[in-house]
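Asker: Numbering (our numbering), first residue to last: 93 to 644.
Before I ask anything, let me first share the structure, which is written out below as structure tokens.
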């Protein structure tokens, strides 16, 4: 209890300071790129990687566009648009380019730059300066202190980046990338190779077709599931070639793909000491609003697997999504196979609402939007001779913006299996926002097992470009572990926190973040103070402080 009193004193003292919260831009973009419907489903490693890129925007008017942020179709659309109409000079103009749209640009905007030295109607012919990035990371074990029950480690990270302002790559030379250390490989639809975090559910229609990230350095503080070794990739005119190796597990492979503005075809192989030979071919297409993806894979001793998806817009305000997948247990290595069909629909109203305290691009949102997805699967267990294990999952959500200040969000999801108890979840959010001021009231219930789980919180905060402050008070009553509720919590950059709530109790937290410049150095200071009280348990205080310095 003494620890919680110290935390409470810190909260009271900090209320008068102009501190701020972590940028949510990285989280929003990670949800967009991964097709996540809620914060809890976002890829933690991608959030960390994107946080490291804040303040280093990619020039959209460049011949060398980042494949981690933009799909091949988007990059090809930008190149075609610049050839015909010149450089893109506004966010509204970018939202009209094929493959984008208002929501995509709102998510990408903090990571892009409209910088151009060309006159209107002309295209800048210079490529971006050469860049090099180095991450040095070490971990020191701490045996005496725990941080929020899920860590016994202090972490220290150093990032160094250098700009070379004199040399430029020729446009015909292509783009070469090399990585030594930890990295991610994400190709096709994830059947043959998709390292790191992988969202298995189809909670959002955007998750039906995966956006491959290719080769990307891993800046995660949690390196589980990553490749560790050496990899290289080269992107030329309409072609990508990459090779990769993992020294720890003694495996490696290569991939090649060709692409045009509307189509992309690739193939890869993977083998190693304990890795059976795996070969796959994948294709992605986008033609007049019809988006499609297909991957077929073969593994020695494991047979074939396949996944395909399709998306199109039958009416202006509606978009349909379909997916089919067949993954035998011999291929995946899991106890059960998976043979499934899924469908989804999204509706966005044609009426828009101007948000209070906002102006310019992104200051309006649809008056109403909703989506519904369903996923039916057979999950046979060969080892138990159960060929007809069945599963049905569904997700429904709706968002309403009735006034410039007020927004309402609802979410309903369910999972029903023939071999265990089902689970149903309900969530509602009531939000008030005006300029930098925000407040949210959440009520959530989970029905699984003998008793339902209940959770609610009230959060209020202030956020601008330099500083913000967030306070949250939570109450929960969850007597059955099967009905536990996961809830995203704001934390320091590089730390993605989604704890599982169970038991009965209360919690309070404060998160603050302040940014300032000193010469060429950009500083970010973060503080999180929290305490949880649960019935028949000791109080659980937590205090974390982080300081980042970046030299540009």
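Positions of the beta carbon are idealized from the N, C-alpha and C atoms, including for glycine.
For clarity, every value in this text was computed on a predicted model and none was experimentally measured.
1. In this structure, how does DSSP classify residue 367 when only helix, strand and coil are distinguished?
2. Using 8 angstroms as the threshold, is the region 167–180 in touch with the region 140–150, meaning 3 or more CB pairs across them?
3. Who pairs with residue 637 in a beta bridge, going by DSSP?
4. What is the residue span of the beta strand (DSSP E) that residue 598 lies within?
5. Taking the alpha carbon of residue 632 as the point to measure from, which residue in 613, 638, 610 and 600 has its own alpha carbon closest?
6. Taking residue 362 as the reference, give the member of 346, 375 and 330 with the closest Cα.
7. Using the Cα positions of residue 492 and residue 142, report the straight-line distance between them to the nearest angstrom.
8. Are the CB atoms of residue 307 and residue 340 within a distance shorter than 8 angstroms?
9. Please report the Cβ distance between residue 291 and residue 127, rounded to the nearest whole angstrom; I am assuming they are in contact, meaning their Cβ atoms lie under 8 angstroms.
10. I'd like to know if the region 586–596 and the region 571–578 are in contact, where contact means that at least 3 CB-CB pairs between them fall below 8 angstroms.
11. State yes or no: is the C-beta of residue 615 within less than 8 angstroms of the C-beta of residue 608?
12. Cα separation between residue 273 and residue 321?
13. Pop quiz: residue 537 and residue 544 are said to be a contact at Cβ under 8 angstroms. What is the actual Cβ separation, rounded to whole angstroms?
14. Residue 158 by DSSP, collapsed to three states: which one?
15. Candidates 613, 618 and 596: which alpha carbon is nearest residue 605's?
16. Identify the residues that DSSP records as bridge partners of residue 167: which are they?
17. Tell me the rounded alpha-carbon separation between residue 456 and residue 419.
18. Return helix, strand or coil for residue 123, following the three-state DSSP convention.
19. Looking only at its chain, what residues have a beta carbon closer than 7 angstroms to the beta carbon of residue 186, apart from the 5 residues adjacent to it on each side?
20. With 16 as the cutoff for other CB atoms within 10 Å, does residue 570 come out buried or exposed?
21. In the DSSP output, which residue or residues are listed as bridge partners for residue 523?
22. How many angstroms separate the CA atom of residue 190 from the CA atom of residue 542?
23. Over the uninterrupted alpha helix (DSSP H) stretch that includes residue 422, give me the two end residues.
24. Mark residue 627 as exposed unless 16 or more other C-beta atoms lie within 10 angstroms of its C-beta, in which case mark it buried.
25. Go through its chain and collect everything with a Cβ distance to residue 205's Cβ below 8 angstroms, but skip five positions before and after it.
26. Assuming residue 141 is part of the alpha helix (DSSP H), what are its boundary residues?
27. Leaving out five residues before and five after residue 360 in sequence, what residues of the same chain have Cβ atoms less than 7 angstroms from its Cβ?
28. Between residue 125 and residue 303, what straight-line distance do the alpha-carbon atoms span, to the nearest angstrom?
29. Considering only residues of the same chain and omitting the five flanking positions on each side of residue 310, which have a CB-CB separation below 6 angstroms?
30. Label residue 139 either buried or exposed according to how many other C-beta atoms from any shown protein chain fall within 10 Å of its C-beta, with 16 as the threshold for buried.
31. Within 10 angstroms of the Cβ of residue 568, are there 16 or more other Cβ atoms? Answer buried if so, exposed if not.
32. The alpha helix (DSSP H) spanning residue 197 covers which residue range?
33. Applying the criterion that 16 or more other CB atoms from any shown protein chain within 10 Å of the CB defines a buried residue, is residue 296 buried or exposed?
34. By how many angstroms is the C-alpha of residue 610 removed from the C-alpha of residue 300?
35. Expressed to the nearest angstrom, what Euclidean distance is found between the alpha-carbon atoms of residue 639 and residue 411?
36. In angstroms with no decimal places, state the Cα-to-Cα distance between residue 369 and residue 398.
Answerer: Looking at the coordinates:
1. Position 275 of the chain shown, counted from the first residue, corresponds to residue 367. Residue state, collapsed to three classes: coil.
2. Verdict: no, contact absent.
3. The sequence position of residue 637 within the chain shown is 545, counting from 1. Per DSSP, the beta-bridge partners of residue 637 are 619.
4. Residue numbering aside, residue 598 sits at position 506 when the chain shown is read from its first letter. Residues 595–610.
5. Translated into the one-based positions of the chain shown, residue 632 becomes position 540. Nearest of 613, 638, 610 and 600 to residue 632, Cα basis: 600.
6. As a first step, residue 362 is located in the chain shown; it is residue number 270 there, counting from the start. Among 346, 375 and 330, the Cα nearest to that of residue 362 belongs to 346.
7. Here residue 492 refers to the residue found at position 400 when the chain shown is read from its first residue. Here residue 142 refers to the residue found at position 50 when the chain shown is read from its first residue. If you take the alpha carbons of residue 492 and residue 142, they lie about 29 angstroms apart.
8. As a first step, residue 340 is located in the chain shown; it is residue number 248 there, counting from the start. As a first step, residue 307 is located in the chain shown; it is residue number 215 there, counting from the start. Not closer than 8 angstroms, so no.
9. Taking the first residue of the chain shown as 1, we reach residue 291 at position 199. Taking the first residue of the chain shown as 1, we reach residue 127 at position 35. Right, the Cβ-Cβ distance comes to about 7 angstroms (below 8 angstroms), so this counts as a contact.
10. Cβ pair count under 8 angstroms is three or more, so yes.
11. Counted from its first residue, the chain shown places residue 615 at position 523. Counted from its first residue, the chain shown places residue 608 at position 516. Closer than 8 angstroms, so yes.
12. For the purposes of this step, residue 273 is identified with residue 181 of the chain shown, where counting begins at 1. For the purposes of this step, residue 321 is identified with residue 229 of the chain shown, where counting begins at 1. Take the alpha-carbon of residue 273 and the one of residue 321: they are about 5 angstroms apart.
13. Against the chain shown, residue 537 aligns to sequence position 445. Against the chain shown, residue 544 aligns to sequence position 452. About 6 angstroms separates the Cβ atoms of residue 537 and residue 544, confirming a contact at the 8 angstroms cut-off.
14. Translated into the one-based positions of the chain shown, residue 158 becomes position 66. Coil at residue 158, not helix or strand.
15. To locate residue 605, count along the chain shown from 1; it is residue 513. Nearest of 613, 618 and 596 to residue 605, Cα basis: 618.
16. Mapped onto the chain shown, residue 167 falls at position 75. Looking at the DSSP output, residue 167 bridges to nothing.
17. As a working mapping, residue 456 is identified with position 364 in the chain shown. As a working mapping, residue 419 is identified with position 327 in the chain shown. Each residue's alpha carbon lies about 42 angstroms from the other.
18. By one-based count along the chain shown, residue 123 stands at place 31. Of the three classes helix, strand and coil, the one that applies to residue 123 here is helix, per DSSP.
19. Translated into the one-based positions of the chain shown, residue 186 becomes position 94. The answer, listed in chain order, is 152, 180, 192 and 197.
20. As a first step, residue 570 must be located in the chain shown, where it is residue number 478. Under this definition residue 570 is a buried residue.
21. Taking the first residue of the chain shown as position 1, residue 523 is located at position 431. Per DSSP, the beta bridge partners of residue 523 are 499 and 532.
22. By 1-based counting over the chain shown, the position of residue 190 is 98. By 1-based counting over the chain shown, the position of residue 542 is 450. Going by the C-alpha atoms only, they are around 50 angstroms apart.
23. In the chain shown, counting from the first residue as 1, residue 422 sits at position 330. Here the alpha helix (DSSP H) through residue 422 covers 421–424.
24. Within the chain shown, the letter at position 535 stands for residue 627. It is exposed - the Cβ of residue 627 has fewer than 16 other Cβ atoms within 10 Å.
25. For this step, residue 205 is matched to residue 113 along the chain shown. 149, 150, 151 and 152.
26. Here the question's residue 141 lines up with position 49 in the chain shown. Residues 136–143.
27. By one-based count along the chain shown, residue 360 stands at place 268. Cβ within range, chain order: 279, 284, 285, 345, 346, 347 and 372.
28. For the purposes of this step, residue 125 is taken as residue 33 along the chain shown, with counting starting at 1. For the purposes of this step, residue 303 is taken as residue 211 along the chain shown, with counting starting at 1. Roughly 7 angstroms between the two C-alpha positions.
29. Indexing the chain shown from 1 puts residue 310 at position 218. Shown here for residue 310: same chain residues with a beta carbon closer than 6 angstroms to its own, the five before and five after excluded, namely 274, 275, 276 and 318 in chain order.
30. As a position in the chain shown, residue 139 is number 47, starting the count at 1. Taking every protein chain shown into account, the CB of residue 139 has 16 or more other CB atoms within 10 angstroms, so this residue is buried.
31. Here residue 568 refers to the residue found at position 476 when the chain shown is read from its first residue. By the Cβ-count criterion, residue 568 is buried, with 16 or more other Cβ atoms from all chains shown falling within 10 Å of its own Cβ.
32. Locating residue 197 in the chain shown gives position 105, where the first residue counts as 1. For residue 197, the enclosing alpha helix (DSSP H) stretches over residues 194–200.
33. One-based indexing of the chain shown puts residue 296 at position 204. Flag for residue 296 reads buried.
34. The residue labelled residue 300 in the question sits at position 208 within the chain shown. The residue labelled residue 610 in the question sits at position 518 within the chain shown. Looking at the two C-alpha atoms, the distance is approximately 45 angstroms.
35. For this step, residue 639 is matched to residue 547 along the chain shown. For this step, residue 411 is matched to residue 319 along the chain shown. Cα-Cα distance, rounded: 44 angstroms.
36. By 1-based counting over the chain shown, the position of residue 369 is 277. By 1-based counting over the chain shown, the position of residue 398 is 306. Roughly 16 angstroms separates the two Cα atoms.
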